[in-house]
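Chemist: Using the working numbering, read the sequence shown as starting at 350 and increasing by one per residue.
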Amino acid sequence: MSTPTILRPLTMRGLTARNRLWLPPMCTYSVDARDGVVTDWHVLHYASRAQGAFGTVIVEATAIAPNGRLSPFDLGLWDDSQVAGHRRIVEAVHAAGSLAGVQLGHGGRKAGTPPWRPDAAAGARTATLDGWDLVGPSAVAYPQHAEPRALRADEVRAVTADFAAAARRAAEAGYDVVELHGAHGYLIHEFLSPLSNTRTDEFGGSPEGRRRFTLQTAAAVREAVGGETVLGIRLSATDWAEGGLTGEDTAELAPQLVAAGVDVLHISTGGNVPAQVPVGPGYQVPFAAQVRRAVAGSTTPGGGRPVVVTVGVITEAAQAEQIVGTEQADAVAVGRPALREPYLPVRWAHDLGVDDWRQAGLPIQYWRGAWG
Ligand SMILES: Cc1cc2nc3c(=O)[nH]c(=O)nc-3n(C[C@H](O)[C@H](O)[C@H](O)COP(=O)(O)O)c2cc1C
């Protein structure tokens, strides 16, 4: 049989992932010491998904500054002392044959919450932890969160420098892919959206103004990581809300990001304001397809075609195969199912009729356990 499309290699810049299945970034809030440092648990978690044959493994949202953490339990890359732990993840993921990436983020006005941890502040005034230095493009609160302080223009530039410094550390740790978190209502998305950015200075006031922070940050990160690292960005293509970002806005932004040095566009939606979202199988795929059409004529400065990744309620092998086979996206990320099933790509290969276990990505040590 011919190789299913989702199992074919994917080249980004000079690097090739063995297949088109991505583990998307998923916070695990597992830094019990609250110092942003990688633990054994993180190494095992990501290595397992690499062994399960995700071609590209993206480590959860990792903060570029302490106040950019979504919770005190997030990973960080704001300090050189945090590089060594990330190097352990990279080495483990590489040993299992996958590309390793990290998502760099700043939570902006949604930072500083105690997510699902048992020590959540019961009965607290807002979802924001007391005393957190909460910042955003404007002093506009996310519902039930504290009001952020609007960053001054010089502070906006300092955040860009923090992104670049964290990206340099990510490259030092050996990551193949650096993904900027520009989705889900966190700082970059907050700048992009008119619902959270009411500034009138150079970083707001018009689509160009609202995009300036994102484009300048992408360019600074590209410069910081050099020419070999794959640079991605995760975007919420739409706010799903009146007056917010639309698929058209994101399709217009995408080629500008490619010109700034971005190789991969990872398309999600929502998160900036509470909204009615029509969640269902593959509900975000049309937005990825729209972005893919918008960058079809672009080439990355690295010389290749930009790669578009889709995500969201993609739960069956045939569904993923159809999405990539019809060129709606170049790759598919599978999140929640991979939390319960780290070897999901191997099973999907089996579901698609692959019985060559090398091709499926099943480690040779496990071939005796392959389907009969
Ligand atoms: C526990 C959990 C943590 C998540 N953390 C992040 C994150 O750190 N960064 C991010 O961009 N998305 C995050 N997401 C969103 C996922 O990457 C993914 O887009 C979402 O779960 C939809 O894909 P799925 O239907 O395959 O799970 C998270 C999702 C879950 C369930």
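Where a beta carbon is used, it is the ideal one built from N, C-alpha and C, also for glycine.
How is the alpha helix (DSSP H) around I328 delimited, first residue to last?
Modeler: Residue 328 lies beyond the range of the chain shown here (350 to 721); nothing can be said about it.
Chemist: Flag this pair as yes or no: are the beta carbons of T475 and H455 separated by less than 8 angstroms?
Modeler: No. Outside cutoff.
Chemist: Pull up the CB-CB distance for G629 and V662, whole angstroms please, since I reckon it's below 8 angstroms.
Modeler: 6 angstroms
Chemist: Determine contact between the segment 605–613 and the segment 556–564, defined as no fewer than three beta-carbon pairs at a distance below 8 angstroms.
Modeler: yes
Chemist: In chain order, what residues of the same chain have a beta carbon less than 7 angstroms from the beta carbon of T477, not counting five sequence neighbours either side?
Modeler: G461, T462, L483, H494 and A495
Chemist: What's the C-alpha gap between A490 and R383?
Modeler: For A490 and R383, the distance between alpha carbons rounds to 25 angstroms.
Chemist: I want to know whether the segment 548–556 touches the segment 579–588 - three or more CB-CB distances under 8 angstroms.
Modeler: no
Chemist: What residue ranges within the segment 500–547 form continuous alpha helix (DSSP H) runs of no fewer than 4 residues, ordered along the chain?
Modeler: 502–522 and 536–541
Chemist: Would you check whether ligand 1 has a heavy atom nearer than 7 angstroms to the C-beta of P604?
Modeler: Result no, Cβ not under 7 angstroms from ligand 1.
Chemist: Count the CB pairs spanning the segment 419–433 and the segment 509–523 that are closer than 8 angstroms, and state whether there are at least three.
Modeler: yes
Chemist: Can you find a heavy atom of ligand 1 that lies under 7 angstroms from the Cβ of S397?
Modeler: no
Chemist: Is I407 near L453, with beta carbons less than 8 angstroms apart?
Modeler: no
Chemist: Once the 5 residues before and after P486 are set aside, which same chain residues still bring their CB inside 7 angstroms of it?
Modeler: A499, L500, E539, F540, S545, N546, R548, F552 and G553
Chemist: When burial is assigned at 16 or more other CB atoms within 10 Å of the CB, is Q625 buried or exposed?
Modeler: exposed
Chemist: Would you say the beta carbon of G457 is closer than 7 angstroms to some non-hydrogen atom of ligand 1?
Modeler: In this structure, G457 has its CB at a distance of at least 7 angstroms from all heavy atoms of ligand 1.
Chemist: Under the criterion of a Cβ to heavy atom distance below 7 angstroms, does H391 qualify as lining ligand 1?
Modeler: Taken from the Cβ of H391, every heavy atom of ligand 1 lies 7 angstroms or farther away.
Chemist: Should E528 be labelled buried (16 or more other beta-carbon atoms within 10 Å of its own) or exposed?
Modeler: buried
Chemist: Would you report the Cα separation of R466 and T352, rounded to the nearest angstrom?
Modeler: Unreliable placement is indicated for R466, whose pLDDT of 49 sits below 50; the coordinate value is still reported in the next sentence. Looking at the two C-alpha atoms, the distance is approximately 43 angstroms.
Chemist: If you draw a straight line from the alpha carbon of L359 to that of T675, how long is it in whole angstroms?
Modeler: 16 angstroms
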